[in-house]
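Numbering (full-length UniProt numbering), first residue to last: 1 to 296.
Worksheet: one structure, shown below.
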């Protein structure tokens, strides 16, 4: 059962920008895990395989999102299109600034191991991000109008609720609109590609679905998925250790041609799963955060 949990945080001292990278947030998550299960924390740290969790960059609660740079006094954050998230910080986050951080868990084993952490949450216990102390003030695990990144569902529910209709007046999900909210890239051989082809996007989702869901799709009708609208641009994230180039924006995919209802259902289930699984590389370090947008 996948969970998308939003942790509301309050820093007690400024968080320097060099500690707001995916690498440091990844380390904070492993610290949370190790606080309830040291062996599991060590195993996640040492594992090089696809991992059963994803993380977001740290977000400023209530920060406006648009194609501009926010400047509030001494704080600046680079944020992009209307559905994107903050993915880079140039200045410290001031003390007392309400923040949120999304953690998704893709299997019940990991969620179960962390249950004691959620149930025994001490709002007065500080967690450390670099030199800053953070308090976890609350955790959201169900969808809310002001927080679309919190949710939970069983894999069976994701599959059963996915539409299998794609014809004429009965059309319920005429297209799949995915928003890439943090920089997203795909590994191809020895190198990265930023092009969100149908193969790169849906095979990434398929791999994680088959690994964690227990409802295996032997193959999906990739040849019936066609990008019909693309509004993306690339962003470069660089620190002292590496450089990452990924896309931000929206892509609309249509399902076209002769295709069976069960194949439509599988594609729709994968698109809905994107909220939890992320897409592409470095999803455990804040990259590849993706969710499906539905038209009102």
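Backbone N, C-alpha and C fix where the C-beta goes; we use that ideal spot for every residue, glycine too.
- Around the CB of residue 122, fewer than 16 other CB atoms lie within 10 Å, so the residue is classed as exposed.
- Beta-bridge pairing by DSSP links residue 140 to 6.
- In this chain, the alpha helix (DSSP H) harbouring residue 263 covers 261-277.
- If you compare the alpha carbons of 36, 161, 252 with that of residue 117, the shortest gap goes to 36.
- By the 16-neighbour rule on beta-carbons within 10 angstroms, residue 230 is exposed.
- Between the stretch 231-250 and the stretch 135-150 there are fewer than three C-beta pairs closer than 8 angstroms, too few to call the two in contact.
- Per the coordinates, the alpha-carbon of residue 254 lies some 33 angstroms from the alpha-carbon of residue 243.
- If the five residues before and after residue 85 are omitted, its C-beta is found closer than 8 angstroms to the C-beta atoms of 56, 57, 59, 65, 79, 181, 182, 289, all from its own chain and listed in chain order.
- Where residue 27 is concerned, the enclosing alpha helix (DSSP H) starts and stops at 22-34.
- 8 angstroms or more divides the Cβ of residue 284 from the Cβ of residue 113.
- With a cutoff of 8 angstroms on beta-carbon distance, residue 16 and residue 126 are scored as not near each other.
- About 15 angstroms separates the beta carbons of residue 156 and residue 3, which is beyond the 8 angstroms limit, so they are not a contact pair.
- Selection 94, 39, 7, 228 evaluated against residue 25 yields 7 as nearest (Cα-Cα).
- Uninterrupted alpha helix (DSSP H) stretches at least 4 residues long and entirely within the stretch 175-214 occur at 198-212, given in chain order.
- According to the DSSP assignment, residue 112 belongs to the alpha helix (DSSP H) that extends over 108-119.
- For residue 41, the enclosing alpha helix (DSSP H) covers residues 38-46.
- Membership of residue 155 in the alpha helix (DSSP H) is indicated by the continuous run 155-161.
- DSSP places residue 147 within a strand segment (E or B) once states are collapsed to three.
- Beta-bridge partners assigned by DSSP to residue 126: 135.
- In the structure shown, the three-state DSSP call for residue 97 is coil.
- The alpha carbon of residue 281 has as its nearest neighbour, out of 257, 208, 219, 261, the alpha carbon of 208.
- Burial check for residue 204: the Cβ neighbour count within 10 Å reaches 16 or more, so the residue is buried.
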